[in-house]
Amino acid sequence: MTTIEQSEVGLTPAAAARVAAISARTGKPAILRLSVEGGGCSGFQYKFGLADGIEGDDSVVETDGVKLVVDSISLDLVRGASVDFIDNLGGAHFAVQNPNAASGCGCGTSFSI
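See below:
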């Protein structure tokens, strides 16, 4: 496990609050895992999930008591990104603001480099 700075990958207070609420409701630890997989309409897609723990190759950043973990392979693709939680008329979802993405799809879950 490596502790990283918010400048490498960030978790906004809104995202941390949403993870904490989900964690309290489900009884799971307040750990959000962000990973990147091949696929989606733009080449890569973001995957979110509550983690039961932190793996050996994970990098970790903490905001308001909530941990965001990213595996070592995904970290290179999201370095400098910020995870936010958006709740508006269009719906509620986690969103990644990724400066490495050259383009993305309309739904915001896939990107290319």
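So the sequence shown is numbered by the UniProt record's numbering: it starts at 1 and just counts up by one. Glycine included, each C-beta is placed from N, C-alpha and C at the ideal position. From a predicted model like this one, the values you see are computed outputs, not experimental measurements.
Boundaries (first-last residue) of the beta strand (DSSP E) holding residue i
i           : result
Thr-63      : 59 to 63
Ala-81      : 81 to 88
residue 118 : A question about residue 118 goes unanswered here, because the residues of the chain that appear run from 1 up to 113.
Gly-53      : It is not in any beta strand (DSSP E) - Gly-53 carries neither H nor E in the DSSP assignment.
Closest Cα partner of residue i within the set the options
i      : options                           : result
Arg-18 : Ser-59, Asn-98 and Phe-48         : Phe-48
Glu-37 : Asp-84, Val-78, His-93 and Gly-91 : Val-78
Leu-50 : Val-9, Ala-16, Ile-86 and Glu-8   : Ala-16
Glu-8  : Phe-94, Asp-52 and Ser-72         : Ser-72
Pro-13 : Gly-91, Gln-97 and Phe-85         : Phe-85
Pro-99 : Leu-75, Glu-55 and Thr-63         : Leu-75
Residue i - partner residues in DSSP beta bridges
i      : result
Ile-31 : Lys-67
The alpha helix (DSSP H) enclosing residue i, as first and last residue numbers
i      : result
Ala-20 : 13 to 26
CB-CB length for residue i against residue j, believed under 8 Å
i      : j      : result
Asp-52 : Val-70 : In fact, because the Cβ distance is near 16 Å, the residues do not count as touching under 8 Å.
Val-66 : Leu-11 : 7 Å
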